Structures are given as C-alpha cells and as structure tokens.
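There are 2 protein chains.
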Amino acid sequence: MDTNNPATEPLAFSAEERAAVYRAIDERRDMRHFSGGVVAQEVMQRLLQAAHHAPSVGLMQPWRFIRMQSRERRIGLHRMVEQERILTARAMGEREDEFMRLKVQGVLDAAEVLVVALPPGREQHIFGRRTLPEMDLASAACAIQNLWLAARCEGLGMGWVSLFDPAALADFLALPTGAKPIAVLCLGPVDAFYAAPMLQEQKWAARASLADMVYEDSWGQPSVS
Amino acid sequence: MDTNNPATEPLAFSAEERAAVYRAIDERRDMRHFSGGVVAQEVMQRLLQAAHHAPSVGLMQPWRFIRMQSRERRIGLHRMVEQERILTARAMGEREDEFMRLKVQGVLDAAEVLVVALPPGREQHIFGRRTLPEMDLASAACAIQNLWLAARCEGLGMGWVSLFDPAALADFLALPTGAKPIAVLCLGPVDAFYAAPMLQEQKWAARASLADMVYEDSWGQPSVS
Numbered sequence: 002m003d004t005n006n007p008a009t010e011p012l013a014f015s016a017e018e019r020a021a022v023y024r025a026i027d028e029r030r031d032m033r034h035f036s037g038g039v040v041a042q043e044v045m046q047r048l049l050q051a052a053h054h055a056p057s058v059g060l061m062q063p064w065r066f067i068r069m070q071s072r073e074r075r076i077g078l079h080r081m082v083e084q085e086r087i088l089t090a091r092a093m094g095e096r097e098d099e100f101m102r103l104k105v106q107g108v109l110d111a112a113e114v115l116v117v118a119l120p121p122g123r124e125q126h127i128f129g130r131r132t133l134p135e136m137d138l139a140s141a142a143c144a145i146q147n148l149w150l151a152a153r154c155e156g157l158g159m160g161w162v163s164l165f166d167p168a169a170l171a172d173f174l175a176l177p178t179g180a181k182p183i184a185v186l187c188l189g190p191v192d193a194f195y196a197a198p199m200l201q202e203q204k205w206a207a208r209a210s211l212a213d214m215v216y217e218d219s220w221g222q223p224s225v226s
Numbered sequence: 002m003d004t005n006n007p008a009t010e011p012l013a014f015s016a017e018e019r020a021a022v023y024r025a026i027d028e029r030r031d032m033r034h035f036s037g038g039v040v041a042q043e044v045m046q047r048l049l050q051a052a053h054h055a056p057s058v059g060l061m062q063p064w065r066f067i068r069m070q071s072r073e074r075r076i077g078l079h080r081m082v083e084q085e086r087i088l089t090a091r092a093m094g095e096r097e098d099e100f101m102r103l104k105v106q107g108v109l110d111a112a113e114v115l116v117v118a119l120p121p122g123r124e125q126h127i128f129g130r131r132t133l134p135e136m137d138l139a140s141a142a143c144a145i146q147n148l149w150l151a152a153r154c155e156g157l158g159m160g161w162v163s164l165f166d167p168a169a170l171a172d173f174l175a176l177p178t179g180a181k182p183i184a185v186l187c188l189g190p191v192d193a194f195y196a197a198p199m200l201q202e203q204k205w206a207a208r209a210s211l212a213d214m215v216y217e218d219s220w221g222q223p224s225v226s
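Going down the list, the sequences are from chains B and S.
Just so you know, we're using the numbering used here here: the first sequence kicks off at 2 and counts up by one.
Just so you know, we're using the numbering used here here: the second sequence kicks off at 2 and counts up by one.
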C-alpha cells in the first residue's frame, strides 16, 4: 500500500484509511439473510447522506428513497416480489428448481426496507444524457453503492432486490407518472456476512478472473499489465 | 460515530475505519482537471480489483474495461467527445453558452483513460432482469463507483464522461455486436480536488436537501426522521 506515485501522495489517504476503504469494498455482500432488530435513526441518516453524496450526471441527483415503515405495506411488497420470483423461475428453463431453492429477498425480515425510485421530469436533464438517457439509472446505482458500503462499515447488511414488476410497484406506491422504482433495498442487522458472494457459495455462478475483464485499446486485446 | 445499535457492533468497523469510508464518500469528486503524470501499475490493479468486487445482478459481472494506451486512439476518442459536447450544447437551448464554458472532459490530460462497456450475451442472464433488464447497467455503475472511491483514497481523480454516441464509440473500439460502451473514465493525478462538485461551484446546479429525497411508505410523504 506504499507504492503510490509520489506526486499523488499529498492527496492520498493514509495507509490505514486506504485499508478501511478497500475492506468495505471487499467485505460488502448482497445479503438476503437478516436478523430483525432495528437501525438507529442516526445511523440511517448517515447511510442516506452517504447515498446522497453520490456523483450524478449533470448533478441531477435522480434518487428518491421511500422507507417502508408499515407492516401491512411490507407484506404487500413481499407478495409482489414472490410473484416475480415465480415468473423468473419459470423463465429460467432448466435452472428453475435450482433458482427456487435460493433465498432472494429479506423484505419481511430486514429491519428496514427502502424502495429507490427515479423521479419524474428526468427528460429535462440533457447534460450527459442526450445519447445515453439511462445515465440517470447509473447515477442512482452509484448512490445505492455508497449506501451499501456505508452499511457494511456500520455492521449492517443490505440486499438489492430487483425481482418486481416496476409498473405494479409504481402503482402500489402511488408514484407520479414518469417516476420508476429501480430497487427494493433490504437493510439491517445480520448474524454474519457471507464469506463470499452468496450466489458463489451456492454455486449459482463463479467470480470471473479480473484479467479477463481488462483489454488494451480495443475489445479482446488482453492487457499487458 | 459511536451510536450504533449494540447488536451490530461486532460486525461494525472501528470508528477510524468508518471515518475513512465516509471520508472517501464525502471527498470523491467528478474530476475534469488533471495534471498528467502516471498511475503506478500496482495502483491500477488495486483500482480495477475494487471495481471487480462490485455487486452484480445474478453475479453476472457485466463490466469490461478497455485501457486507452495509444495516444492516437486517445485523440480520436477526444474528438468524439467534442462532437457530442457541441450537439449537447445545441440541445440545451438557453443554457447553450453556459454549458460550452464548462470543462467536461480530461481525455487528453488524464494519465489513464478507461472505456467501460457492457459485454455481449447479456440476454442470457434472467436473474433479477426479467422485468428490469437495465440492472446490468446498474451493476456496472456500482463497479465504477467502487473504482471512484478507491481512486479518491489513492489520491487520484476520476471523471465519468458520458458525452459520446455509444454506437460510434462501439465502432471505434471494434466492440462485438451486443456490447455497449457506457463510460469514458478519465483517471489520474490532479493538482487538487474540488471542494464541492464542480457543477455546484460553477453554479450549474445545486445540491438538493436530503430531506426532500426521503419519503415514508408512499411517494411524497415526508419522512418523520
């Protein structure tokens, strides 16, 4: 950790600080097992503030967070995810049974559930979006990743559930026309963090080698590094 | 920072570690001003490893990184971004001149330029994407946010440029059919980090209040917290 280009040294964090950031990145997991409990109000504020400090295209800040506090609403949300889980399983073909054995959500078990939605009126924001309108989603995903890392360092698990029909969920939450839900975040205390991604532990998929992800100058040219 | 729910304490990072993670989140900036230099090979590996440790929908890892090493290719890329900058400015209407005064890229100045692309064959991945196929982009954005935070703690600036025509850039990089470029990342040493987001310093846009981003149970219900 002491091999930085000397020119960048004054702006770099200390070795201990860098280790903490890399630890959060390495130990963050997409959690589906929660142990109930609560998230203290001030912790929740820190997490939301971390999300809100994400970068956004043209500084549009296209994220809204809906805290699902009502038990009754949680049950409705859980039902919507269950419906999509079954439809997804059917679309899986030969992996249907294997998929159905996976735990994919913690909507009823997690201390907190946040729905993240893109707000209406996004078409007014042209900066960085004329040819790539989906950069609003990219910005909101950066906010969610900030929240995820902050949660990990607070000792809280988080899972991003995308098993839902966005139109049905928009209806359920009375979203205005043009708003779109993109995430159901389950958040809260856990008994333990998975040592590796749960889908890897369950042999659903394996981590690829970084060397296969990096090319030089054009597609498919392996990097020399 | 010592007000965690006691039940989560054993899994939480130390106060110093948490402060480092929040520091990275708070001090990360979308940089457009670079001071040349180089990024040491081992630092680049740490940054790419951080990106590769992002969450991804169904563990699909839909990110590929193309390092633009050739000066000639960089010049071609810079030209493509300039073209889109002018087209975006025209689409801005009354803010055209104001937009043209902003610095929006560092493709020729940054020590490193990485193009991030979604790989081909994504339609095979149904997990979490049957109703939300764009979750591949969301995962890649989480990887970019990891890279951004890691760069900040290494003392390196990064900017995400989305001013390009994705079809033209795909051609330029000889991407296979079905792959899509989503980011031109400028990365490297900087003289200083902006104290606040550059678009805020330049009065292009202002940071919204967090209280306006958080609702309770359904859209538009202010959170009581």
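C-beta atoms are modelled at their ideal positions from N, C-alpha and C, and glycine is treated no differently.
Remember, predicted model here, so these are calculated numbers, not experimental data.
Item to complete: Determine, using beta carbons only, whether residue 35 of chain B comes closer than 8 Å to chain S.
Response: Counted from its first residue, the first sequence places residue 35 of chain B at position 34. Answer no: the Cβ-Cβ gap between residue 35 of chain B and chain S never drops below 8 Å.
Item to complete: Can you grab the Cα-Cα spacing for the pair residue 19 of chain B / residue 158 of chain S, in whole Å?
Response: In the first sequence, residue 19 of chain B corresponds to position 18, counting from 1. In the second sequence, residue 158 of chain S corresponds to position 157, counting from 1. Roughly 15 Å separates the two Cα atoms.
Worksheet item: Using a C-beta cutoff of 8 Å, does residue 110 of chain B count as contacting chain S?
Response: Numbered from its first residue, the first sequence carries residue 110 of chain B at position 109. By this cut-off, residue 110 of chain B is not an interface position.
Worksheet item: By the 10 Å Cβ neighbour count, where 16 or more other Cβ atoms means buried, how is residue 1 of chain B classified, buried or exposed?
Response: Because residue 1 of chain B is not part of the residues shown, which for chain B are 2 to 226, the question remains open.
Worksheet entry | C-alpha gap between residue 27 of chain S and residue 150 of chain S, whole angstroms | Counting from 1 along the second sequence, the entry for residue 27 of chain S is found at position 26. Counting from 1 along the second sequence, the entry for residue 150 of chain S is found at position 149. Cα-Cα distance, rounded: 10 Å.
Fill in: Partners in chain B for residue 196 of chain S, counting only beta-carbon separations shorter than 9 Å
Residue numbering aside, residue 196 of chain S sits at position 195 when the second sequence is read from its first letter. Ordered by position in chain B, no residue passes the 9 Å Cβ test against residue 196 of chain S, which lies about 13 Å from the chain.
Worksheet item: Quick one: complete alpha helix (DSSP H) runs, 4+ long, within the stretch 5-66 of chain B?
Response: As far as the stretch 5-66 of chain B is concerned, its whole alpha helix (DSSP H) runs of at least 4 residues are 16-28 and 42-53.
Worksheet entry | Counted within 10 angstroms of its Cβ, other Cβ atoms place residue 210 of chain B as buried (16 or more) or exposed | What you label residue 210 of chain B is simply residue 209 of the first sequence in a count that begins at 1. By the neighbour-count rule (16 or more Cβ atoms within 10 Å), residue 210 of chain B is not buried but exposed.
Fill in: Length of the line joining the Cα atoms of residue 31 of chain B and residue 161 of chain B
In the first sequence, the residue the question calls residue 31 of chain B occupies position 30. In the first sequence, the residue the question calls residue 161 of chain B occupies position 160. The straight-line gap from Cα to Cα measures roughly 7 Å.
Worksheet item: In the stretch 62-124 of chain B, which residue ranges form an unbroken beta strand (DSSP E) of at least 3 residues, counting only runs that do not cross its ends?
Response: Segments of the beta strand (DSSP E) lying fully in the stretch 62-124 of chain B: 65-68 and 113-119.
Practice prompt. Quick one: using the 10 Å Cβ neighbour count with 16 as the cut-off for buried, is residue 89 of chain B buried or exposed?
Written response: By one-based count along the first sequence, residue 89 of chain B stands at place 88. Buried is the call here.
Fill in: Residue-level contact to chain B via CB, residue 82 of chain S, 8 Å cutoff
Sequence index remark: in the second sequence, residue 82 of chain S carries index 81 (1-based). Answer no: the Cβ-Cβ gap between residue 82 of chain S and chain B never drops below 8 Å.
Worksheet entry | Below-8 Å beta-carbon distance, residue 53 of chain S vs any chain B residue | Position 52 of the second sequence, counting from 1, holds the residue named residue 53 of chain S. Yes, residue 53 of chain S lies at the interface with chain B (some Cβ there is under 8 Å from its Cβ).
Worksheet item: With contact counted as at least three CB pairs below 8 Å, one residue from each stretch, are the stretch 172-186 of chain B and the stretch 162-172 of chain S in contact?
Response: The stretch 172-186 of chain B vs the stretch 162-172 of chain S: no contact.
Item to complete: Check the Cβ-Cβ distances between residue 65 of chain S and every residue of chain B, and say whether any is below 8 Å.
Response: Locating residue 65 of chain S in the second sequence gives position 64, counting from the first residue. True, the Cβ-Cβ gap to chain B drops below 8 Å.
Discussion item. By DSSP's criteria, residue 198 of chain B is part of a beta bridge. Which residues make up the other side?
Written reply: As a position in the first sequence, residue 198 of chain B is number 197, starting the count at 1. Looking at the DSSP assignment, residue 198 of chain B forms no beta bridge with any residue, so it has no partner.
Worksheet item: Got a sec: which bits of the stretch 92-104 of chain B sit with their beta carbon under 8 Å from any beta carbon on chain S, in order along the chain?
Response: 92, 93 and 100
Practice prompt. Label residue 37 of chain S either buried or exposed according to how many other C-beta atoms from any shown protein chain fall within 10 Å of its C-beta, with 16 as the threshold for buried.
Written response: The residue you call residue 37 of chain S lines up with position 36 of the second sequence. Exposed, by the Cβ-count rule.
Discussion item. Taking its Cβ as the centre, do 16 or more other Cβ atoms sit within 10 Å of residue 98 of chain B, making it buried, or is it exposed?
Written reply: Reading the first sequence from its first residue, position 97 is the one you call residue 98 of chain B. In the assembly as shown, residue 98 of chain B is an exposed residue. Its beta-carbon has fewer than 16 other beta-carbons within 10 Å.
Worksheet item: Does any residue of chain C bring its CB to less than 8 Å from the CB of residue 142 of chain B?
Response: In the structure shown, chain C does not exist; the protein chains are B and S.
Fill in: Interface positions of the stretch 198-218 of chain B facing chain S (Cβ-Cβ less than 7 Å), listed along the chain
Residues 198, 200, 201, 205, 206, 209, 211, 214, 215, 216, 217 and 218.
Fill in: Own chain, CB closer than 8 Å to residue 194 of chain S, minus 5 neighbours either side, in chain order
Translated into positions along the second sequence, residue 194 of chain S becomes position 193. Only 28, 30, 32, 153 and 158 meet the Cβ criterion.
Practice prompt. State the Cα-Cα distance for the pair residue 202 of chain B and residue 104 of chain B, rounded to the nearest angstrom.
Written response: As a position in the first sequence, residue 202 of chain B is number 201, starting the count at 1. As a position in the first sequence, residue 104 of chain B is number 103, starting the count at 1. Residue 202 of chain B and residue 104 of chain B: Cα-Cα distance of roughly 12 Å.
Worksheet item: Beta-carbon of residue 119 of chain B versus every beta-carbon of chain S: anything under 8 Å?
Response: Mapped onto the first sequence, residue 119 of chain B falls at position 118. With 8 Å as the cut-off, residue 119 of chain B does not count as an interface residue toward chain S.
Discussion item. Between residue 72 of chain B and chain S, is any beta-carbon pair separated by less than 8 Å?
Written reply: Counting from one through the first sequence, the residue named residue 72 of chain B turns up at place 71. No, residue 72 of chain B lies away from the interface with chain S (no Cβ there is under 8 Å from its Cβ).
Worksheet entry | Contact residues within the stretch 125-138 of chain B, judged by C-beta distance below 8 Å to chain S | 127, 128, 129, 130, 131, 132, 133, 135, 136 and 138
Discussion item. Here's the rule: buried if 16 or more other CB atoms are within 10 angstroms of the residue's CB, otherwise exposed. What is residue 221 of chain B?
Written reply: Within the first sequence, residue 221 of chain B is the residue found at index 220, counting from 1. So residue 221 of chain B ends up on the exposed side.
Worksheet entry | Sequence-distant residues of the same chain with beta carbon closer than 7 Å to residue 206 of chain S, five excluded per side | Here residue 206 of chain S corresponds to residue number 205 of the second sequence, with the count starting at 1. Excluding residues within five positions, the ones whose Cβ falls inside 7 Å are 200.
Practice prompt. For chain B, find out if any of its Cβ atoms is closer than 8 Å to the Cβ of residue 22 of chain S; answer yes or no.
Written response: Indexing the second sequence from 1 puts residue 22 of chain S at position 21. Yes, its Cβ sits closer than 8 Å to a Cβ of chain B.
Practice prompt. Determine the chain B residues that contact residue 62 of chain S at a beta-carbon separation under 7 Å, and present them in chain order.
Written response: Translated into positions along the second sequence, residue 62 of chain S becomes position 61. Within chain B, the residues near residue 62 of chain S are 209.
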